[in-house]
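As structure tokens, the structure follows; a few thoughts come after it.
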Amino acid sequence: MHKVEVDVSEDLLKVNENLAKEVRQHLEDHGVRAVELLGSIGSGKTSIIEWIIREHGDEYSFAVLAGDVVSEYDERRFKRLGVPVVGLNTGRECHLDAHMVQHGLEHLEEEVDLDELDVLFIENVGNLVCPADFPVGAHERVIVVSATEGEDVVGKHPMIIREGDVLVINKVDLAEPCGVSVEKMVEAAREINPDIEIYRTSVKTGEGMDELSRRLLTL
Ligand SMILES: Nc1nc2c(ncn2[C@@H]2O[C@H](COP(=O)(O)OP(=O)(O)O)[C@@H](O)[C@H]2O)c(=O)[nH]1
Ligand SMILES: [Mg+2]
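Take any residue in the sequence shown, note its place counting from 1, add 247, and you have its number in the numbering used here.
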């Protein structure tokens with residue numbers, strides 16, 4: 248069997264990396280901490296952000312950049328929480344890039360003064376492959392997988408696991424009915440990236456959510 252590997256142009260990656268640094272600097276100039284969530288569609292990214300905003304909206308000032316290929320579902324969900332949100336539709340692209348985030352921030356700044364924000368959540372497009380090479384300037388890259396995706400989901404996506412600061416294994420309430428061992432997912436992740444910090448959560452039951460929030464909101 249032939250294996251064909253496709254390299255994304257190094258120039259393109261370099262341009263993105265430089266823009267990501269600019270985004271990060273701009274956010275830091277205004278004292279904003281940015282947390283990016285990456286993972287498959289349905290893993291629970293929006294639910295996790297919603298939970299944190301509901302629980303901590305009194306203590307912190309939040310805003311969201313909601314990435315999606317075409318739809319506005321998530322943008323509407325965040326709007327219902329009353330936080331400033333900008334939707335970023337990528338069209339045919341399967342990931343956000345720093346350029347899009349820079350534009351998103353310009354729109355956000357029409358709505359809110361960055362100096363008044365504490366935390367910016369960036370929800371990337373639902374995909375565990377494409378975003379790996381495209382940092383967007385966030386302080387933390389949080390990979391969200393769910394127990395319902397099966398034990399192999401971690402081992403099948405080593406590139407993104409290597410890029411992550413934090414791994415969330417969500418929907419642990421459904422691990423048993425799905426016959427999935429969360430511990431095997433943890434082991435697979437540790438093998439790929441021994442430094443990644445791992446949280447086991449259920450947005451449904453609240454399990455692990457306080458610990459995760461504390462970690463993500465540490466300023
Ligand atoms: N049982 C269970 N369902 C969850 C959990 N987290 C999210 N969901 C559900 O999974 C679906 C997809 O969640 P969503 O946050 O939209 O995923 P996203 O595509 O990653 O943003 C929704 O119906 C959520 O209610 C969880 O921990 N347990
Ligand atoms: Mg979502």
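Backbone N, C-alpha and C fix where the C-beta goes; we use that ideal spot for every residue, glycine too.
Integer-rounded CB distance, given that residue j should sit under 8 Å from residue i
| i | j | result |
| --- | --- | --- |
| Ser-287 | Gly-373 | 6 Å |
| Val-330 | Ile-300 | 6 Å |
| Leu-335 | Ala-313 | 7 Å |
| Leu-463 | Leu-367 | With 8 Å as the limit, Leu-463 and Leu-367 do not qualify as a contact, their Cβ atoms being about 12 Å apart. |
| Ala-328 | Glu-297 | The question names Ala, but residue 328 in the sequence shown is Leu. Between Glu-297 and Leu-328 the Cβ distance is about 6 Å, and since that is below 8 Å, they are a contact. |
| Ile-408 | Ala-281 | With a Cβ gap of about 20 Å, Ile-408 and Ala-281 do not count as contacting. |
| Val-270 | Leu-352 | 7 Å |
| Val-279 | Asp-365 | 7 Å |
Environment of residue i [buried if 16+ CB atoms lie within 10 Å]
| i | result |
| --- | --- |
| Thr-230 | Because residue 230 is not part of the residues shown, which for the chain are 248 to 466, the question remains open. |
| Tyr-320 | exposed |
| Thr-465 | exposed |
| Val-317 | exposed |
| Arg-323 | exposed |
| Leu-259 | exposed |
| Ser-393 | buried |
| His-404 | buried |
| Glu-306 | exposed |
| Pro-382 | buried |
| His-342 | buried |
| Glu-438 | exposed |
| Glu-434 | exposed |
| Glu-398 | buried |
| Glu-283 | buried |
Reference residue i; option with closest CA among the options
| i | options | result |
| --- | --- | --- |
| Ile-445 | Pro-424, Ile-416 and Glu-454 | Ile-416 |
| Val-450 | Ala-267, Gly-278 and Gly-291 | Gly-291 |
| Thr-452 | Ser-460, Ser-308 and Lys-418 | Lys-418 |
| Asp-412 | Leu-259, Lys-326 and Leu-459 | Leu-459 |
| Leu-285 | Gly-397, Ile-390 and Ala-436 | Ile-390 |
| Phe-325 | Asp-305, Thr-337, Met-456 and Ile-295 | Ile-295 |
| Lys-268 | Ala-436, Gly-338, Gly-397 and Gly-384 | Gly-384 |
| Glu-340 | Val-333, Asp-315 and Glu-357 | Asp-315 |
Worksheet item: What residue ranges within the segment 265-340 form continuous alpha helix (DSSP H) runs of no fewer than 4 residues, ordered along the chain?
Response: Contiguous alpha helix (DSSP H) elements confined to the segment 265-340 occur at 292-303 and 320-327, taking only those with 4 or more residues.
Are the segment 372-389 and the segment 353-362 touching by the rule of at least three beta carbon pairs closer than 8 Å? Too few Cβ pairs lie closer than 8 Å, so no.
inquiry  = Under 8 Å, with one C-beta from each stretch per pair, do the segment 262-278 and the segment 338-352 reach the 3-pair mark?
reply    = These segments touch.
* Asked: Fully enclosed by the segment 422-463, which beta strand (DSSP E) runs are 3 residues long or longer?
  -> Annotation note: the segment 422-463 contains the following uninterrupted beta strand (DSSP E) runs of length 3 or greater, listed N- to C-terminal: 444-447.
- What are the uninterrupted segments assigned as beta strand (DSSP E) that are 3 or more residues long and contained completely in the segment 385-428, given in chain order? Listed in chain order, they are 387-393 and 413-417.
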